[in-house]
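Read the structure below first, then the notes.
Number of protein chains: 2
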Amino acid sequence: MSELEQTLQLLRAALGDAAVLTGAAINPRHHSDWTRHAPACPAALLLPRDTAQVSAALRICNERGQSLVPQGGMTGLAGGAVPRAQDIALSLERLDGIEEIDTAAATMTVRAGTRLERIQQAAAEAGLLFPLDLGARGSCQIGGNIATNAGGNAVIRYGMTRDLVLGLEVVLADGRVLNLLNKMIKNNTGYDLKQCFIGSEGTLGVITRAVLKLAPPPGAQSTALCALPDYAAAVALLRRLQRRLGTPQAYELMWQDFYRLGVSWLETTQAPLAEDYPLYALFDSAATAEALQDALQGAFDDGEVIDAVIAGSQAQARQLWKIREATGEFPNRLQPLNFDVSLPIGRIGDFAERCRQRLDARWPGNRSVYFGHIGDSNLHLTVDCRSLPQPAPILEVEELVYTAVGEMAGSVSAEHGIGLLKREFLHHSVSPEALQVMRQLKLALDPRGILNPGKLFD
Amino acid sequence: MSELEQTLQLLRAALGDAAVLTGAAINPRHHSDWTRHAPACPAALLLPRDTAQVSAALRICNERGQSLVPQGGMTGLAGGAVPRAQDIALSLERLDGIEEIDTAAATMTVRAGTRLERIQQAAAEAGLLFPLDLGARGSCQIGGNIATNAGGNAVIRYGMTRDLVLGLEVVLADGRVLNLLNKMIKNNTGYDLKQCFIGSEGTLGVITRAVLKLAPPPGAQSTALCALPDYAAAVALLRRLQRRLGTPQAYELMWQDFYRLGVSWLETTQAPLAEDYPLYALFDSAATAEALQDALQGAFDDGEVIDAVIAGSQAQARQLWKIREATGEFPNRLQPLNFDVSLPIGRIGDFAERCRQRLDARWPGNRSVYFGHIGDSNLHLTVDCRSLPQPAPILEVEELVYTAVGEMAGSVSAEHGIGLLKREFLHHSVSPEALQVMRQLKLALDPRGILNPGKLFD
Numbered sequence: 001m002s003e004l005e006q007t008l009q010l011l012r013a014a015l016g017d018a019a020v021l022t023g024a025a026i027n028p029r030h031h032s033d034w035t036r037h038a039p040a041c042p043a044a045l046l047l048p049r050d051t052a053q054v055s056a057a058l059r060i061c062n063e064r065g066q067s068l069v070p071q072g073g074m075t076g077l078a079g080g081a082v083p084r085a086q087d088i089a090l091s092l093e094r095l096d097g098i099e100e101i102d103t104a105a106a107t108m109t110v111r112a113g114t115r116l117e118r119i120q121q122a123a124a125e126a127g128l129l130f131p132l133d134l135g136a137r138g139s140c141q142i143g144g145n146i147a148t149n150a151g152g153n154a155v156i157r158y159g160m161t162r163d164l165v166l167g168l169e170v171v172l173a174d175g176r177v178l179n180l181l182n183k184m185i186k187n188n189t190g191y192d193l194k195q196c197f198i199g200s201e202g203t204l205g206v207i208t209r210a211v212l213k214l215a216p217p218p219g220a221q222s223t224a225l226c227a228l229p230d231y232a233a234a235v236a237l238l239r240r241l242q243r244r245l246g247t248p249q250a251y252e253l254m255w256q257d258f259y260r261l262g263v264s265w266l267e268t269t270q271a272p273l274a275e276d277y278p279l280y281a282l283f284d285s286a287a288t289a290e291a292l293q294d295a296l297q298g299a300f301d302d303g304e305v306i307d308a309v310i311a312g313s314q315a316q317a318r319q320l321w322k323i324r325e326a327t328g329e330f331p332n333r334l335q336p337l338n339f340d341v342s343l344p345i346g347r348i349g350d351f352a353e354r355c356r357q358r359l360d361a362r363w364p365g366n367r368s369v370y371f372g373h374i375g376d377s378n379l380h381l382t383v384d385c386r387s388l389p390q391p392a393p394i395l396e397v398e399e400l401v402y403t404a405v406g407e408m409a410g411s412v413s414a415e416h417g418i419g420l421l422k423r424e425f426l427h428h429s430v431s432p433e434a435l436q437v438m439r440q441l442k443l444a445l446d447p448r449g450i451l452n453p454g455k456l457f458d
Numbered sequence: 001m002s003e004l005e006q007t008l009q010l011l012r013a014a015l016g017d018a019a020v021l022t023g024a025a026i027n028p029r030h031h032s033d034w035t036r037h038a039p040a041c042p043a044a045l046l047l048p049r050d051t052a053q054v055s056a057a058l059r060i061c062n063e064r065g066q067s068l069v070p071q072g073g074m075t076g077l078a079g080g081a082v083p084r085a086q087d088i089a090l091s092l093e094r095l096d097g098i099e100e101i102d103t104a105a106a107t108m109t110v111r112a113g114t115r116l117e118r119i120q121q122a123a124a125e126a127g128l129l130f131p132l133d134l135g136a137r138g139s140c141q142i143g144g145n146i147a148t149n150a151g152g153n154a155v156i157r158y159g160m161t162r163d164l165v166l167g168l169e170v171v172l173a174d175g176r177v178l179n180l181l182n183k184m185i186k187n188n189t190g191y192d193l194k195q196c197f198i199g200s201e202g203t204l205g206v207i208t209r210a211v212l213k214l215a216p217p218p219g220a221q222s223t224a225l226c227a228l229p230d231y232a233a234a235v236a237l238l239r240r241l242q243r244r245l246g247t248p249q250a251y252e253l254m255w256q257d258f259y260r261l262g263v264s265w266l267e268t269t270q271a272p273l274a275e276d277y278p279l280y281a282l283f284d285s286a287a288t289a290e291a292l293q294d295a296l297q298g299a300f301d302d303g304e305v306i307d308a309v310i311a312g313s314q315a316q317a318r319q320l321w322k323i324r325e326a327t328g329e330f331p332n333r334l335q336p337l338n339f340d341v342s343l344p345i346g347r348i349g350d351f352a353e354r355c356r357q358r359l360d361a362r363w364p365g366n367r368s369v370y371f372g373h374i375g376d377s378n379l380h381l382t383v384d385c386r387s388l389p390q391p392a393p394i395l396e397v398e399e400l401v402y403t404a405v406g407e408m409a410g411s412v413s414a415e416h417g418i419g420l421l422k423r424e425f426l427h428h429s430v431s432p433e434a435l436q437v438m439r440q441l442k443l444a445l446d447p448r449g450i451l452n453p454g455k456l457f458d
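Top to bottom, those sequences are chains L and Y. Those letters in the first sequence? Residues 1 to 458, per full-length UniProt numbering, in order. Those letters in the second sequence? Residues 1 to 458, per full-length UniProt numbering, in order.
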């Protein structure tokens, strides 16, 4: 019997036959092949039902030196959950369900495999808000959201996933169960260990349970789209809104090229604002339309805003958001090479300029579009590979963009993580000393290196 | 020449004679003796001027196995910076100054020895807010605030110190300088190493520099004091205010005993509200007085509020806050034994009840008063040692209180940290497995155990 067969036998004895799948029994979504990094069907797929089974599986794999790839909803954009042929995949999907909503504490205790949308709905039914929101809400799982420290549109107001997690239960590589469940906002009792696991992309432990922080429900919202003369105006307008009306629920910036593309894909022919302005800001505010009008008048008088439209109805607000949501059409209408980077907020305008100039100099006639959550220091840019020489020089484009990011003290990953796709670019944002300390941490918590090998800095 | 003398010689060569003090040359505040844990004059006091000197000092001490106690403004309440006779103290006070304010990014880069109040003032001068605020603002240093993850009154709105730190520079035990300076809100590039050092009380590294997150300046504020029928009403009122007016800037709860004490120490004889209500909530809101009036009318109609006063002027608001600030008088008017604990928000009322009952049963006639930042799950309670048998059975009182905390899944330290004073009670809030992992972290980052030995779990 091979080493692997012996491991599988032990796993079957611990978890039951039905929780250990191999070969064709594994649903292909567990080895999704959207990444160019040669994913493979894993050696097996484990489907534990509870923390004890996760613990048993890790103990066995650790003793036998068998690599494991923790998996959530498989919606990550950096390949962090993609297995190799020699790995065993560990899906949390059966660790599913909301265990408690504590309305006094404004917390929700959930199992790692619970889908984000279900959590949002349960919070709303309790008269509260779980503010994390992203396009994959219907299929992503909270465990994956936490393991990747997911971002999204509401970060400007509510923070990253890290800011929404009060407590965790984590299974360590050797099977020890670490109870870090906690409902308190203030708790200074030694090292805040949960921080090690948030955003560690499954390389330090397997998250099995979480205590989430809920927010008061948002009230009515006003939505506006503004045309701006330049990037400095976008920052000035954001700061004005924050001072006058409180931090908006979302503040999205679209460069002219992105706006034109988004508008051209709308079903109506009428753009809400003319298409020849340099930049467009789209935002939601808790202020009344009157207060918003007032604030925008001031911005108009000071030259920060050239033109603006305030949505008169929810339908109109949705219509404005459709322009920003053109990204959902990218896979259908472009061959998109998407970037998720961050920079100090004041430098994003210069970065976009520099990046575009270098792309144009290297590949004349290429099409790149720019947009992002600039209040969070987050810029997205997409290069249409159809506009590049064929086959598209993807690695060269990535190197060009990430080099510019490194030059301007930015980050090669704002909210998507590193996974497989950005390992080779990590050095643009992380110093050798920091990398060394990350390896020390990894060695301390997973000395045999069984958890998600080949990801992050590995 | 003794081992210590040899070490001091190396340190003098590296830092200069003027930066290595011994004996009577050491200002007594570096071995403050307010704690009962027998502090001593340290073997030496180091006063490095820059990161390179901190690095040199740590490299020398690490090579020679010499223990070091990092020190900020010496205002901590858990003895985390108190040296033993065999330790060398390392004060950051000469690493002082604001290096940059980036108004576009809304960040400030500071050296660790900068006083909190100076940072607050500089932020205000730049039209922004650094929201961390505590009584020791005039003497505490930001490095110490970060090393202890300090709290304060504004946590409910802006979070703990952890939530206000975007980047750090840290010197590791072996002298390596870790550059984790970062201005971005979103940055998912591997483990978020800075989290390891925030709140680690100087046991994992020495913080030398920080990038702080600034907030928009707060607008006008309304202040109100409300009398409440019971603890459930205090939670309901908080949630109502959050829904209706946004999260208040502060939300302080005072139990009747505390309120009476605070009022009795006012210079005026007139209590703003009668003294026979069970609880009093004091809060600041960004809402107008009219909006606040409206919200309170609803609370009154629903029985959450029995009586209320809204400050008609800033002077009146200050007068209301003086009642809560009676804590400043504790050292002069009581022999206070102060507690800083946290509990799930819904359980704080029951905890106060249980705690008082047990104290009264054990020491009839003792006086304990209760108050706290309940929106942050933080309760303070103070026992007047004069009301206990003499000599006051301090350890027994502590064991009683912390046992009750542990029973109700609370934390023995909300915002003060563990330091020396709470080491023996840590087990009430931290599991053996978590403690084990903390030790693993410590061993990975400070294998020779030179940083602040004898603190936290050591």
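We put the CB at the ideal spot given by N, CA and C, even for glycine. Since the structure is predicted, the reported quantities are computational estimates derived from the model, not experimental observations.
Residue pairing by DSSP puts G152/Y in a beta bridge opposite D133/Y.
At a cut-off of 8 Å between beta carbons, S411/Y contacts chain L.
Between the region 100 to 108 of chain L and the region 124 to 139 of chain L, the count of Cβ pairs shorter than 8 Å is three or higher; the stretches touch. The count of Cβ pairs closer than 8 Å, one atom from the region 219 to 228 of chain L and one from the region 302 to 319 of chain L, reaches three, so the stretches are in contact. Taking CB atoms only, C196/Y has a neighbour in chain L less than 8 Å away. Leaving aside the five residues that flank I345/Y on each side, the residues in its chain whose CB is nearer than 8 Å to its CB run, in chain order, V235, I374, G375, S377. When the five nearest sequence neighbours on each side are left out, the beta carbons in the same chain lying within less than 7 Å of the beta carbon of K194/L are those of V165, G167, L168, L180, in order along the chain.
In this structure, L46/Y and I88/Y form a Cβ contact; the two beta carbons are roughly 6 Å apart against a cut-off of 8 Å. Identification of chain L residues near I185/Y by a Cβ-Cβ cut-off of 7 Å yields V155, D376, S377, ordered along the chain. Using a Cβ-Cβ cut-off of 8 Å, M108/L does not count as an interface residue toward chain Y, since no Cβ of chain Y sits closer than that to its own. Nearest in C-alpha terms to A326/Y, of all of G135/Y, I185/Y, I60/Y, is G135/Y.
Within the same chain, and ignoring the five residues on either side of C61/Y in sequence, the residues whose Cβ sits closer than 6 Å to its Cβ are L68, I450. Between G419/L and the set D102/L, T148/L, R29/L, the nearest pair of CA atoms involves T148/L.
V430/Y sits in coil when the DSSP states are folded into three classes, being neither helix nor strand.
In the three-state reduction of the DSSP assignment, E201/Y falls in the coil class. In the structure shown, G219/Y falls within a coil segment according to DSSP collapsed to helix, strand and coil. By the CB criterion at 8 Å, L282/Y and E252/Y fall inside the cutoff.
The beta-carbon of T189/L is placed less than 8 Å from the nearest beta-carbon of chain Y.
In the displayed model, R244/L falls within a helix according to three-state DSSP. Rounded to the nearest whole angstrom, the C-alpha separation of R333/L and Q390/L is 18 Å. Contact between I142/Y and L116/Y holds: CB atoms are separated by about 6 Å, below the 8 Å threshold. Annotation: T161/Y is outside any beta strand (DSSP E) and is labelled neither H nor E by DSSP.
Rounded to whole angstroms, N452/L and G365/Y show a C-alpha spacing of 60 Å.
Rounded to the nearest angstrom, the Cβ distance from D340/L to A414/L is 5 Å, consistent with a contact under 8 Å. Contact with chain L is found for Q440/Y, since one of that chain's Cβ atoms lies less than 8 Å from the residue's Cβ. The beta carbon of L435/L is closer than 6 Å to those of F457 in its chain, skipping five residues each way along the sequence.
With a cutoff of 8 Å on beta-carbon distance, L204/L and A444/Y are scored as not near each other. At least one CB atom of chain L sits nearer than 8 Å to the CB of G346/Y.
Of all residues in the region 275 to 305 of chain Y, none has a C-beta nearer than 7 Å to a C-beta of chain L. Taking one beta carbon from each stretch, the region 280 to 296 of chain L and the region 351 to 358 of chain L have fewer than 3 pairs nearer than 8 Å; the two do not touch.
The beta carbon of R239/L sits closer than 8 Å to some beta carbon of chain Y.
Taking a Cβ-Cβ cut-off of 8 Å, the neighbours of V177/Y in chain L comprise E433, given in sequence order. Beta bridge pairing from DSSP links W255/L with L279/L. For the region 91 to 102 of chain Y, the set of positions with a beta-carbon nearer than 7 Å to some beta-carbon of chain L reads D102 in chain order.
In the three-state DSSP reduction, F300/L falls in the helix class (H, G or I).
For T208/L, the enclosing beta strand (DSSP E) starts and ends at 206 to 213.
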